[in-house]
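For the protein sequence lines, the chains are A and B, in the order given. So in our numbering, the last one in the first sequence is 510, and the numbering has no gaps at all. So in our numbering, the last one in the second sequence is 320, and the numbering has no gaps at all. Ideal placement from N, C-alpha and C gives every residue a C-beta, glycine not left out. Treat the numbers as computed from the prediction; the structure is a model and nothing was measured.
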Amino acid sequence: MSLTSFEFVIFVGAAVAGYYLIPKRFQWVWLLAFSYIYYAAASLKILFFLLFSTATTYLAGLLMDRIKEKQADREQRIKQKRRVVAAALVLNFGMLAVVKYTNFAIENINALLGSHLSFQTIILPLGISFYTFQSMGYLLDVYWEKVEAERNPFRFALFVSFFPQILQGPIGRFNRLAHQLYESHDFDWGRMERAFILILWGFFKKMVIADNAAGFVDEVFGNYGSYGGAAIVVAVLGYSVQLYGDFSGGMDVVRGIAELFGISLDENFRRPYFAVSITDFWHRWHITLGTWMKDYVFYPLSLSKMMGRFSKAAKKRFGKSIGRTLPICLANIIVFLLVGVWHGADWKFILYGLYNGLIIAFSGLMMQNYRKWKNLCHINEKAPLWKGFQIARTFLLVNISWYFDRAAGVGEAFDMMRITLTSFRLSDFWNGSLMLESVDLVALRFVIVGFGCILLFLVSLLQERGVKIREAITGRHVLIKYAVYLFLIFVLPALGQPPSAGGGFIYAQF
Amino acid sequence: MRSFKRIMKIVLFLSICLAINGVFVYMLVPNSFIRIKVHNIENEKYDDIFVGSSHGFAAVNPVVVDGETGRKSINLCYGGEYLRDSYYLLKDACRTHIPERVIYELDPGYWVNPDTENPTYAMAYSNMSPSLVKAEYCFAKITDADFRSALFPWFHYRKQYGMIPQNLKDKREESYRNFDAAPLEEPTQVMSDEGFMYIKNSEGEKTKANMVLWDESKVLEEVPMYFHKLVRFCREKEIELVVMTTPVPEETLEEHSGNYKEADRYFAELMEEYGIRYLNFNTMETDGFQRGVEGFSDYEGHMFGGNAENFSRVLAEYLR
Chain A
1 MSLTSFEFVI FVGAAVAGYY LIPKRFQWVW LLAFSYIYYA AASLKILFFL
51 LFSTATTYLA GLLMDRIKEK QADREQRIKQ KRRVVAAALV LNFGMLAVVK
101 YTNFAIENIN ALLGSHLSFQ TIILPLGISF YTFQSMGYLL DVYWEKVEAE
151 RNPFRFALFV SFFPQILQGP IGRFNRLAHQ LYESHDFDWG RMERAFILIL
201 WGFFKKMVIA DNAAGFVDEV FGNYGSYGGA AIVVAVLGYS VQLYGDFSGG
251 MDVVRGIAEL FGISLDENFR RPYFAVSITD FWHRWHITLG TWMKDYVFYP
301 LSLSKMMGRF SKAAKKRFGK SIGRTLPICL ANIIVFLLVG VWHGADWKFI
351 LYGLYNGLII AFSGLMMQNY RKWKNLCHIN EKAPLWKGFQ IARTFLLVNI
401 SWYFDRAAGV GEAFDMMRIT LTSFRLSDFW NGSLMLESVD LVALRFVIVG
451 FGCILLFLVS LLQERGVKIR EAITGRHVLI KYAVYLFLIF VLPALGQPPS
501 AGGGFIYAQF
Chain B
1 MRSFKRIMKI VLFLSICLAI NGVFVYMLVP NSFIRIKVHN IENEKYDDIF
51 VGSSHGFAAV NPVVVDGETG RKSINLCYGG EYLRDSYYLL KDACRTHIPE
101 RVIYELDPGY WVNPDTENPT YAMAYSNMSP SLVKAEYCFA KITDADFRSA
151 LFPWFHYRKQ YGMIPQNLKD KREESYRNFD AAPLEEPTQV MSDEGFMYIK
201 NSEGEKTKAN MVLWDESKVL EEVPMYFHKL VRFCREKEIE LVVMTTPVPE
251 ETLEEHSGNY KEADRYFAEL MEEYGIRYLN FNTMETDGFQ RGVEGFSDYE
301 GHMFGGNAEN FSRVLAEYLR
């Protein structure tokens, strides 16, 4: 059931109506039923994967809690819990690896060894990347005794399968999400209004901005050899807009739907293109993946004995300062390699992750030097011009990474970069060559995307300054409120692209 | 009291939405042949109903067929009409009057190429009058669509704002209110009131675009399912079901002989299984109409009007 289908609108309507009509103590049961109906509607076969992940994680959590209660000896307790969590991690990440990366592994083995292993037909269960990460995060929290294991298997099943977020996140945390799922909620008109605004805004970003940009982006990336550098630059910029509109739009829709039930999901985007560094960018883009990696990979890795030994050796070799920084740099590179791998089974995603990791690592190493140079040049870090420079610089670096993310492969990405540098003509921006004949492209689409971006920019600017937009709208006079709602409702069919043009949500394929 | 005020505000807001939506529908959605076809099946009584694709739309002139058979028929075919649509159109027609015979024009391409959202996707549904059949059709088809296609019938016409003056003019005419087909005449084609599209002869290069060739491995799950439903429905209502495939240019047959032979084999077996008469004019040795591409507007199989009328005479022989 696509988020944009009429079927889904009816489904959510029925879910919300029933949620507030049934006795409060059954609300979570209602959510569980609808979550499983939603997932099973896609395919009954893939339900197995969800059930497997749920069951293994639930049982592992219970077992660890039991070990905690029964095992008095601390060392033995840690040892036994470690075995349980390791087994569950291997099973679940193993399952994810098999379904997502088998054919990638076969392709590379064939290339490396000259073998002819045949590719497998493997179903890719919807949302597997998201619910695996969410449930493994819970498991590690139980292991570290940050949370108690959930005793009720059905409640736990709801935590894993909650339907608005299962397909494309955000990746929830047990200590923040679970109690909201299980608590009862009263109907609240104000909350419903704010939720609808968020849903409509999400669809605006997806249908008006992302789907309109998609046509140009797909055409140029698919046939880049026929275009000059200017078209490629516009396509990359278009992709930065498309990806943000698509992903953050989807998140807004998902969060808005969750809010209809009184549930607050974690924010996944916070105006990422206002970031002043790549590190800041990853604090604003796909936030829940970043924090998951930070809490479950980066910190454990940085604080591990192996890293401790590496840090000692590095301090000996390079001095205290670099020695202290190097392990963090290495941990960052590993984290971002994993982020790249998470995105998909392709070398281009690994390069994408590596690119980000190397920039962050390099920034970490150069931190002290940057401080010296800024002092030398008397740069006022609070000055708007400096901030503008940082934002522009970060935007440029992020857009370079989109070459890897969007191109068909590594070779294509480098090819496109080469064309960008060697065949860039400023005149292409005004001589009409960007009005591609091969696609149903007219200036109007550029105007629509431009209009959408301006509106998005204004809203983002207000949010960056702490303005709560939805509260500001719902607090206004009824005529102003209605005008905003009518605009958001009718702009979707008026300016949005039809579904075949933009396709589904990009991150729903993970 | 507060809740009542709130509910009234919501009702008012929804009414405004409906009104705005209605205005957009009036301005942007043009007059269409589907509108006329649906009106006719809901208000007239027919002995024979032709359902199917654009090939049938261009090939079957009910007036000519009726002249030979002595019956009254209507051509419900249109480009983009899948079996699901044919099934519900027939059900809708049967609310008023149960026909004696249904002739399903089978285009093998529609069995292997998925339905996509376009201006005609929801047109039959939008023009049906409210009924349980329409509700059933909604759940069968419209729920799969993007919510904009379902809730905003003008969505697929949003770029055609240049046609607003013409649409407004057309809708004020009596011919529009009377469901006349005459205003739908275009330079290249004319639609009759009985639902036949007469394609005017033209010179120039003929297109091979839009051709979808048969491939049994790509048969869509739902199409045979709806065929089964159609057969069952016809049996329940004691309607004779005949299946036919209109001819394609012999040049096309020759170029893709493998695909067409395979299609014929598949459908001949299927119809035999169901005990249904199958008329495949690509394999039947009949004359009386042009088989070469000179009798068609394209290589895909849309006949020129004159050739279609000859074909209709031949078809009528088999439907006596």
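Check: Closer than 9 Å at the beta carbon, the chain A residues around C17 of chain B; Outcome: Y485, L486, I489, F490
Check: Beta-carbon contacts of A268 of chain B that lie in its chain and below 8 Å, excluding the five residues immediately before and after; Outcome: Y278, N280
Check: Endpoints, alpha helix (DSSP H) assigned at Y88 of chain B; Outcome: 83 to 96
Check: Neighbourhood of Q134 of chain A by C-beta, 7 Å cutoff - its chain only, sequence neighbours within 5 removed; Outcome: V160, I171, G172
Check: Opening and closing residue of the alpha helix (DSSP H) in which E203 of chain B lies; Outcome: Here E203 of chain B belongs to no alpha helix (DSSP H), and DSSP marks it neither H nor E.
Check: Contact list for the stretch 6 to 25 of chain A against chain B, Cβ threshold 8 Å; Outcome: F6, E7, F8, V9, I10
Check: W402 of chain A versus I123 of chain A: straight-line alpha-carbon distance, rounded; Outcome: 27 Å
Check: Separation of G202 of chain A from K229 of chain B, as counted between CA atoms; Outcome: 40 Å
Check: Selection from B:K218, B:C234, B:T120, B:I199 that minimises the alpha carbon distance to I98 of chain B; Outcome: B:C234
Check: Pairwise C-alpha distance: S5 of chain A and A150 of chain B; Outcome: 9 Å
Check: Beta-carbon contacts of I74 of chain B that lie in its chain and below 8 Å, excluding the five residues immediately before and after; Outcome: K37, N40, I41, E44, Y46, D48, I49, F50, P62, E194, G195
Check: Cutoff 8 Å: Y482 of chain A Cβ touching any chain B Cβ; Outcome: yes
Check: C377 of chain A classed as buried or exposed, judged by whether at least 16 other C-beta atoms fall within 10 angstroms; Outcome: exposed
Check: Contact set between A494 of chain A and chain B, taken where Cβ atoms lie within less than 7 Å; Outcome: R158
Check: Interface residues of chain B facing W511 of chain A [CB-CB closer than 8 Å]; Outcome: This structure cannot settle anything about residue 511 of chain A, because the visible part of chain A is limited to 1 through 510.
Check: H116 of chain A, buried or exposed, once every other Cβ within 10 Å from all chains shown has been counted against 16; Outcome: exposed
Check: Alpha-carbon to alpha-carbon, R6 of chain B and L198 of chain A; Outcome: 20 Å
Check: A413 of chain A to C138 of chain B span [Cα, whole Å]; Outcome: 45 Å
Check: Local conformation of T245 of chain B per DSSP, three classes; Outcome: strand
Check: Residue interval of the alpha helix (DSSP H) (run including Y20 of chain A); Outcome: 6 to 21
Check: Y299 of chain A classed as buried or exposed, judged by whether at least 16 other C-beta atoms fall within 10 angstroms; Outcome: exposed
Check: According to DSSP, residues forming a beta bridge with N280 of chain B; Outcome: B:T245
Check: CB-CB length for K206 of chain B against S297 of chain B, believed under 8 Å; Outcome: 7 Å
Check: Per-residue burial, D595 of chain A [other beta carbons within 10 Å of its own, 16 or more giving buried]; Outcome: This structure does not reach residue 595 of chain A, given that chain A is present from 1 up to 510, and the question cannot be answered.
Check: Straight-line gap, V429 of chain A to K159 of chain B (C-alpha atoms, nearest Å); Outcome: Sequence check: residue 429 of chain A is Phe here, not Val. Each residue's alpha carbon lies about 25 Å from the other.
Check: Option in B:P30, B:A316, B:K91, B:L213 with minimal Cα separation from K171 of chain B; Outcome: B:P30
Check: Residue(s) in a DSSP beta bridge with V98 of chain A; Outcome: According to DSSP, V98 of chain A bridges with nothing at all.
Check: Alpha-carbon to alpha-carbon, E69 of chain A and L59 of chain A; Outcome: 15 Å
Check: Whole-angstrom distance between E300 of chain B and A59 of chain B, CA atom to CA atom; Outcome: 13 Å
Check: For P493 of chain A and I10 of chain B, the rounded distance between their alpha carbons; Outcome: 21 Å
Check: Cutoff 8 Å: T120 of chain B Cβ touching any chain A Cβ; Outcome: no
Check: Ranges of the beta strand (DSSP E) found wholly within the stretch 32 to 88 of chain B, counting only runs of at least 3; Outcome: 48 to 52, 73 to 75
Check: CA-to-CA distance, N108 of chain A to L140 of chain A, given in whole angstroms; Outcome: 32 Å
Check: Three CB pairs or more closer than 8 Å across the stretch 65 to 73 of chain B and the stretch 120 to 132 of chain B; Outcome: no
Check: First through last residue of the beta strand (DSSP E) which encompasses Y104 of chain B; Outcome: 101 to 105
Check: Any C-beta of chain A under 8 Å from that of I20 of chain B; Outcome: yes
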